[in-house]
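Here numbering that gives the first Met the number 0 is used: position 182 in the sequence shown is 181, and no number is missing along the way.
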Amino acid sequence: MHAELNHRSISEHDNKKAGQIIASCVHCGFCLPTCPTYQLSGDELDSPRGRIYLIKSALENNYHSSKSLKHIDQCLTCRSCETTCPSGVEYGQLLEIGREIMESKRSKLQTLYRYTVRKTLSTPILFKPVGYFFRHSKVVSKSIKPKSVKSTVLLMGGCVQPTLAPNINHSIKNILAKLDIEVLEASQSECCGALDQHMGVSGDAMKKVKRNIDKWSSQLNDGAEVILSSASGCGVMIKDYPKLFEESDPYFEKAKAISFKTQDIAEFLSSKDLSKLQLSELNVSYHEPCTLQHGQKLSGLVESILTQFGYIKNSIKDSHICCGSAGAYSIFESEISNQLMVNKLENLNVLNPKMIVTSNIGCLLHLQKGSSIPVKHWVELLDV
Ligand code: SF4
Ligand code: SF4
Numbered sequence: 000m001h002a003e004l005n006h007r008s009i010s011e012h013d014n015k016k017a018g019q020i021i022a023s024c025v026h027c028g029f030c031l032p033t034c035p036t037y038q039l040s041g042d043e044l045d046s047p048r049g050r051i052y053l054i055k056s057a058l059e060n061n062y063h064s065s066k067s068l069k070h071i072d073q074c075l076t077c078r079s080c081e082t083t084c085p086s087g088v089e090y091g092q093l094l095e096i097g098r099e100i101m102e103s104k105r106s107k108l109q110t111l112y113r114y115t116v117r118k119t120l121s122t123p124i125l126f127k128p129v130g131y132f133f134r135h136s137k138v139v140s141k142s143i144k145p146k147s148v149k150s151t152v153l154l155m156g157g158c159v160q161p162t163l164a165p166n167i168n169h170s171i172k173n174i175l176a177k178l179d180i181e182v183l184e185a186s187q188s189e190c191c192g193a194l195d196q197h198m199g200v201s202g203d204a205m206k207k208v209k210r211n212i213d214k215w216s217s218q219l220n221d222g223a224e225v226i227l228s229s230a231s232g233c234g235v236m237i238k239d240y241p242k243l244f245e246e247s248d249p250y251f252e253k254a255k256a257i258s259f260k261t262q263d264i265a266e267f268l269s270s271k272d273l274s275k276l277q278l279s280e281l282n283v284s285y286h287e288p289c290t291l292q293h294g295q296k297l298s299g300l301v302e303s304i305l306t307q308f309g310y311i312k313n314s315i316k317d318s319h320i321c322c323g324s325a326g327a328y329s330i331f332e333s334e335i336s337n338q339l340m341v342n343k344l345e346n347l348n349v350l351n352p353k354m355i356v357t358s359n360i361g362c363l364l365h366l367q368k369g370s371s372i373p374v375k376h377w378v379e380l381l382d383v
């Protein structure tokens with residue numbers, strides 16, 4: 000799909016990048032059956048191929064309608080299409096460029112609503128008093144300190160997780176203490192930038208990204224082995240930081256260093272001797288977030304860790320399909336989001352598990368809304 004682009008509201012770099020991504024699509028349609036929104040609506044414009052056409056048209060003609068915006072809004076950014084695509088189309092990056100140019104078609108009221116939600120969710124100081132009323136779980140175990148310190152890691156706090164589910168990072172600290180690993184909190188007074196970026200406000204995202212890169216670079220220089228993320232949605236954003244900069248940008252090399260040093264907690268634990276740990280519950284169903292399987296390409300890793308403790312891997316129907324959480328998507332597109340949640344829970348509950356576990360705070364909270372059994376982060380099972 001050839002595209003010569005020169006859209007006035009985005010940079011030359013983004014025009015070039017969008018042109019390359021669009022050109023890499025060969026219209027084969029293999030991505031259609033694996034797209035959750037196409038599965039639900041059957042409308043080509045709710046598929047990856049249809050959305051690529053809409054973005055191409057918006058970029059080439061400087062024209063897009065509020066109908067195009069709706070189809071783009073309804074995309075979950077799950078990147079299931081990227082996993083399926085035989086041509087390696089980097090759909091997620093194209094989508095972000097498309098979202099930025101289509102923002103102009105939004106009504107003032109909708110813009111204000113989205114701004115308020117985005118600012119509240121991505122600013123911990125604003126979110127804390129609101130989030131307290133929606134708390135999912137409290138800290139349930141005593142803190143453990145390492146007996147000796149073999150290495151040090153930085154642990155990302157996240158913007159909503161410390162308020163809504165503080166037991167997740169508490170459990171990680173206890174698990175790592177048993178492995179003689181010291182945990183330092185990565186300075187983070189704000190979001191990793193994912194929320195702004197996925198909502199088409201890349202200017203705000205880039206300010207956060209640069210501030211995070213500066214803060215974490217200086218903390219890494221003090222000797223931390225890695226930056227650990229316990230929320231796969233934040234992890235994929237940080238790993239993708241280099242894609243946000245041109246190679247000539249002074250931040251490009253710094254972003255590469257941060258990305259290289261960032262690991263999901265599953266990646267980190269998979270290389271360690273876990274014989275000192277135990278699993279508190281074996282009868283669980285694991286939901287693998289899109290950000291872990293399609294974004295970070297770490298499919299199967301959590302379950303391979305759990306099997307070391309006697310967990311038997313279940314084959315979950317449609318495990319590649321999004322649960323409908325998708326960041327702020329569940330707030331703005333609640334109908335599709337709830338349908339996907341119902342479908343996901345039905346598949347996860349087939350074998351009557353006692354608990355559902357996952358790797359991302361957004362999926363956890365979303366699934367818990369419809370689940371009669373507890374939904375937890377899988378690391379919480381290892382804090383016993
Ligand atoms: S699978 Fe890839 S190349 Fe084929 S239509 Fe979808 S995005 Fe384009
Ligand atoms: S990111 Fe997900 S919802 Fe969006 S087009 Fe791709 S598969 Fe469909």
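We put the CB at the ideal spot given by N, CA and C, even for glycine.
Notebook entry, point to check: Taking the runs of the alpha helix (DSSP H) that are 4 residues or longer, which of them lie wholly in the region 16-56?
Noted result: 35-40
Notebook entry, point to check: Would you report the Cα separation of E379 and I9, rounded to the nearest angstrom?
Noted result: Here residue 379 refers to the residue found at position 380 of the sequence shown. Here residue 9 refers to the residue found at position 10 of the sequence shown. The alpha-carbon atoms of E379 and I9 are separated by roughly 43 angstroms.
Margin query: Could you compute how far the alpha carbon of L175 sits from the alpha carbon of C84?
Written below: For this step, residue 175 is matched to residue 176 along the sequence shown. For this step, residue 84 is matched to residue 85 along the sequence shown. Computed Cα separation, rounded: 38 angstroms.
Notebook entry, point to check: Taking 6 angstroms as the line, does the beta carbon of C24 fall inside it for any heavy atom of ligand 1?
Noted result: In the sequence shown, counting from the first residue as 1, residue 24 sits at position 25. Yes; taking the cut-off as 6 angstroms, the Cβ of C24 has a heavy atom of ligand 1 nearer than that.
Margin query: So for T151, helix, strand or coil by DSSP?
Written below: Translated into positions along the sequence shown, residue 151 becomes position 152. In this structure, T151 counts as strand in the three-state DSSP scheme.
Next item on the list: Please look up how many angstroms separate the CB atoms of G232 and V208, rounded, as I've assumed it's under 8 angstroms.
Entry: The sequence position of residue 232 within the sequence shown is 233, counting from 1. The sequence position of residue 208 within the sequence shown is 209, counting from 1. The C-beta distance from G232 to V208 rounds to 15 angstroms, too long to fall under 8 angstroms, and the pair is not in contact.
Note to self: Using only the alpha-carbon positions, how far apart do V88 and G49 sit?
What the structure shows: On the sequence shown, position 89 is the one that residue 88 refers to. On the sequence shown, position 50 is the one that residue 49 refers to. Straight-line Cα distance between these residues: approximately 14 angstroms.
Check: Run through DSSP, which three-state label would D272 get?
Finding: Against the sequence shown, residue 272 aligns to sequence position 273. D272: coil per DSSP, three-state reduction.
Margin query: If I follow the unbroken alpha helix (DSSP H) through D203, where does it start and stop?
Written below: Taking the sequence shown and counting its residues from 1, the one referred to as residue 203 is at position 204. S201 to N220 is the extent of the alpha helix (DSSP H) around D203.
Next item on the list: Measure the beta-carbon distance from Y90 to R78 and round it to whole angstroms, keeping in mind my assumption that it falls under 8 angstroms.
Entry: Here residue 90 refers to the residue found at position 91 of the sequence shown. Here residue 78 refers to the residue found at position 79 of the sequence shown. Indeed they touch by this definition, with Cβ atoms about 7 angstroms apart.
Check: Where does H376 sit, in a helix, a strand or coil, going by DSSP?
Finding: Your numbering for residue 376 matches position 377 in the sequence shown. If DSSP states are grouped into helix, strand and coil, H376 belongs with the strands.
Notebook entry, point to check: Cβ atoms of I355 and A164: under 7 angstroms apart, would you say?
Noted result: Here residue 164 refers to the residue found at position 165 of the sequence shown. Here residue 355 refers to the residue found at position 356 of the sequence shown. The answer is no: Cβ separation not under 7 angstroms.
Notebook entry, point to check: In terms of alpha-carbon separation, which member of L276, K137 and Q109 lies closest to K69?
Noted result: Within the sequence shown, residue 69 is the residue found at index 70, counting from 1. Nearest C-alpha to K69: Q109.
Next item on the list: Indicate whether C404 and P47 have their beta-carbon atoms separated by less than 7 angstroms.
Entry: Because the chain in this structure spans residues 0 to 383, residue 404 falls outside the shown range and cannot be described.
Notebook entry, point to check: Does the region 218-228 touch the region 257-268, meaning 3 or more C-beta pairs lie closer than 8 angstroms?
Noted result: yes
Notebook entry, point to check: What first and last residue would you give for the alpha helix (DSSP H) that runs through E302?
Noted result: As a position in the sequence shown, residue 302 is number 303, starting the count at 1. Unbroken alpha helix (DSSP H) run through E302: L300 to T306.
Item checked: Cβ neighbours of E245 in the same chain (closer than 8 angstroms, five flanking residues each side left out) -> The residue labelled residue 245 in the question sits at position 246 within the sequence shown. Closer than 8 angstroms at Cβ, skipping near neighbours: H12 and F251.
Next item on the list: Could you check what DSSP says for I167 in three-state terms: helix, strand or coil?
Entry: Locating residue 167 in the sequence shown gives position 168, counting from the first residue. Three-state DSSP puts I167 in a helix.
Item checked: When Q307, V349 and S142 are compared against K172, the one with the closest alpha-carbon -> Here residue 172 corresponds to residue number 173 of the sequence shown, with the count starting at 1. Per the Cα distances, S142.
Note to self: Using C-beta distances below 7 angstroms, list every residue in its chain close to D382, excluding the 5 sequence neighbours before and after it, in chain order.
What the structure shows: Locating residue 382 in the sequence shown gives position 383, counting from the first residue. S140, S170, N173 and I174, listed in sequence order.
Checklist line | Straight-line Cα distance separating G157 from V36 | finding: As a first step, residue 36 must be located in the sequence shown, where it is residue number 37. As a first step, residue 157 must be located in the sequence shown, where it is residue number 158. Per the sequence presented here, residue 36 reads as Thr, with Val not at that position. Cα to Cα, the separation comes out at about 28 angstroms.
Next item on the list: Classify R134 as buried or exposed, calling it buried when 16 or more other Cβ atoms lie within 10 Å of its own Cβ.
Entry: For this step, residue 134 is matched to residue 135 along the sequence shown. The residue in question, R134, is exposed, as its Cβ has fewer than 16 Cβ neighbours within 10 Å.
Note to self: I'd like the ranges of any beta strand (DSSP E) spanning at least 3 consecutive residues and lying wholly in the region 287-375.
What the structure shows: Qualifying beta strand (DSSP E) stretches, in chain order: 354-357.
Next item on the list: Please work out which residues of its chain come closer than 8 angstroms, Cβ to Cβ, to K275, disregarding the five sequence neighbours upstream and downstream, and give them in chain order.
Entry: Within the sequence shown, numbered from 1, the residue matching residue 275 stands at position 276. Closer than 8 angstroms at the Cβ level, and outside the excluded window around K275, lie K177 and L178.
Notebook entry, point to check: Anyone know if the C-beta pair for S258 and K238 falls short of 7 angstroms?
Noted result: Translated into positions along the sequence shown, residue 258 becomes position 259. Translated into positions along the sequence shown, residue 238 becomes position 239. Yes, Cβ-Cβ distance for S258 and K238 is below 7 angstroms.
Check: What is the residue span of the alpha helix (DSSP H) that E252 lies within?
Finding: Taking the sequence shown and counting its residues from 1, one reaches residue 252 at position 253. Taken as a continuous stretch (DSSP letters only), the alpha helix (DSSP H) holding E252 covers P249 to K260.
Checklist line | Residue(s) in a DSSP beta bridge with S228 | finding: For this step, residue 228 is matched to residue 229 along the sequence shown. Paired residues: D263.
Note to self: Residues in the same chain with beta-carbon distance under 6 angstroms from P145, minus the five sequence neighbours each way, listed in chain order, please.
What the structure shows: Numbered from 1 along the sequence shown, position 146 holds the residue referred to as residue 145. Here the set comprises A176, D179 and E181.
Margin query: Under DSSP, the beta strand (DSSP E) around S284 begins and ends at which residues?
Written below: Within the sequence shown, numbered from 1, the residue matching residue 284 stands at position 285. It spans V283 to Y285 - the beta strand (DSSP E) in which S284 sits, taken as one unbroken run.
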